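The sequence shown lines up with residues 1 to 366 when you count with full-length UniProt numbering.
All C-beta atoms in this analysis are idealised placements derived from N, C-alpha and C, irrespective of residue type, glycine included.
For clarity, every value in this text was computed on a predicted model and none was experimentally measured.
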Amino acid sequence: MTDKLMSIQNWLNEQQLDVAYFSDFHSIDYLTGFNSDPIERVLALFVFPEDEPFIFAPALEVEAVKNSGWQYPVYGYQDQENPWNLISEHLHTRTKHTEKWAVEKDQLTLNRASFIQTAVPEAKFIGNLSPLMTEMHLIKTPDEIVKLHKAGLDADRAFEFGFAALQAGVSELQVMAKLEYDLKSAGVAGMSFETLVQFGAHAAEPHGDTSNNTLKSGDLALFDLGTIYDGYVSDATRTVAFQSASDHQRDVYNVVLEAQLTAQNAAKPGMTAGELDGIARDVITKAGYSDYFVHRLGHGIGSSVHESIQIAQGNDLILQPGMSFSIEPGIYIPGDLGIRIEDSVIMTETGVDSYTHSSKELRIID
Ligand code: MN
Ligand code: MN
1 MTDKLMSIQN WLNEQQLDVA YFSDFHSIDY LTGFNSDPIE RVLALFVFPE
51 DEPFIFAPAL EVEAVKNSGW QYPVYGYQDQ ENPWNLISEH LHTRTKHTEK
101 WAVEKDQLTL NRASFIQTAV PEAKFIGNLS PLMTEMHLIK TPDEIVKLHK
151 AGLDADRAFE FGFAALQAGV SELQVMAKLE YDLKSAGVAG MSFETLVQFG
201 AHAAEPHGDT SNNTLKSGDL ALFDLGTIYD GYVSDATRTV AFQSASDHQR
251 DVYNVVLEAQ LTAQNAAKPG MTAGELDGIA RDVITKAGYS DYFVHRLGHG
301 IGSSVHESIQ IAQGNDLILQ PGMSFSIEPG IYIPGDLGIR IEDSVIMTET
351 GVDSYTHSSK ELRIID
């Protein structure tokens, strides 16, 4: 049994619970190594204090579960079958104790909870697995750190493909498509979120989209992207200038760069997340742009692109070795420009180690 599954068993014993039901495919991936989004079908992992765990999966996923290295039973169901009745049968075959359940309360829908309640009438949803999963995700294992580093290297490659696709008149969507085409042609399986490409003033919307907006000489081009390696993700942003950069663009860029580098160099274990945010925010505030830095400095990263860590003002979370998060200050001036510089980093005993590496000096792309 893996350490992760054993820690779930130990927790069930401590809490005196009978059944842990995992319904979030990210959690199932984290605990078992089987990574698949079942969309509307039912994918479940059941763990018990003593008895052998099992996975319950759509029939079309059963072979993939077996091939993922999962060493315990996997039970399938066909689309015409009622999955909840089958789950009930497997549960009652596996264990005598099916009353006291722990579920992922952040994730399990009321609808699905009611299906379980009908199929397993004695089930009482007492425990909450969501905080436990959040806590387990906080500190990365050496194996996870290796995967994060690999995901970072692929993000570095993605930027080069994206910069090479810049030319006058090209649209943001065309550059995004070319970047992803080239990256996938080079063997990279997937992006960790929808790639963002924004030119000129459009980049002043940090949660905007990639659009049909076209590139002009003298525009800044913002790329926010990430890749997945064996279930682990990267997240990075670079902003480059197309053909030329004005003094104003350079000035703002250098403020963002100084904020990013100052925070990245200052980050140490024992510091709070709020302190780290403040280090970057102070640089931007002193330069007079505090009103234009409209988001937190960073967020946790691991098997999903937004994990629980918030590098944000007022957060007293102590940064510890093994934590993985982004450092991504930005300045967004409506109608003018948007600049963000983001690296994904891992906290070590001495400071942070960035696993995205593309140069952060302002690049002028011809
Ligand atoms: Mn990002
Ligand atoms: Mn990010």
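Which residue's Cα is closest to the Cα of T98: I301, D154 and P49?
P49
Compute the Euclidean distance between the alpha carbons of L183 and E122, then round it to the nearest angstrom.
51 Å
So, are the CB atoms of H357 and G152 less than 8 Å apart?
yes
Please tell me whether, using a cut-off of 7 Å, the distance from the CB of E328 to the nearest non-hydrogen atom of ligand 1 is below it.
yes
My guess is that E180 and T195 are in contact by the Cβ rule of under 8 Å, so how many angstroms apart are they, rounded?
6 Å
Alpha carbon of I55 to alpha carbon of A177, nearest angstrom
36 Å
Relative to ligand 3, is the shortest distance from any of its heavy atoms to the C-beta of H299 smaller than 7 Å?
No copy of ligand 3 appears in this structure; the ligands present are ligand 1 and ligand 2.
Check whether the segment 270-279 touches the segment 304-317, counting contact only when three or more Cβ pairs, one atom from each stretch, lie closer than 8 Å.
yes
Segments assigned beta strand (DSSP E), at least 3 residues, entirely inside the segment 68-129:
74-77, 100-103 and 124-128
Among A20, I364, L5 and L31, which has the Cα closest to the Cα of S303?
L31
Closer than 7 Å: is that where the CB of D156 sits relative to any heavy atom of ligand 1?
no
Where DSSP assigns a beta bridge to G298, which residues make up the other side?
I311
Just list the residues that DSSP pairs P58 with in beta bridges.
Y77
So, are the CB atoms of S192 and S234 less than 8 Å apart?
yes
Taking DSSP as the reference, what is the three-state secondary structure of Q198?
strand
Leaving out five residues before and five after L5 in sequence, what residues of the same chain have Cβ atoms less than 7 Å from its Cβ?
L31, V47 and P53
Is E205 close to ligand 1? I mean its beta-carbon at under 7 Å from any heavy atom of the ligand.
no
Exposure label - T109; buried when at least 16 CB within 10 Å:
exposed
Write down the C-beta distance between T95 and D51 rounded to the nearest angstrom, noting that I regard them as a contact closer than 8 Å.
5 Å
If you check the beta carbons only, do G338 and Q198 fall under 8 Å apart?
yes
Using the beta-carbon count (16 or more within 10 Å), is G218 buried or exposed?
exposed
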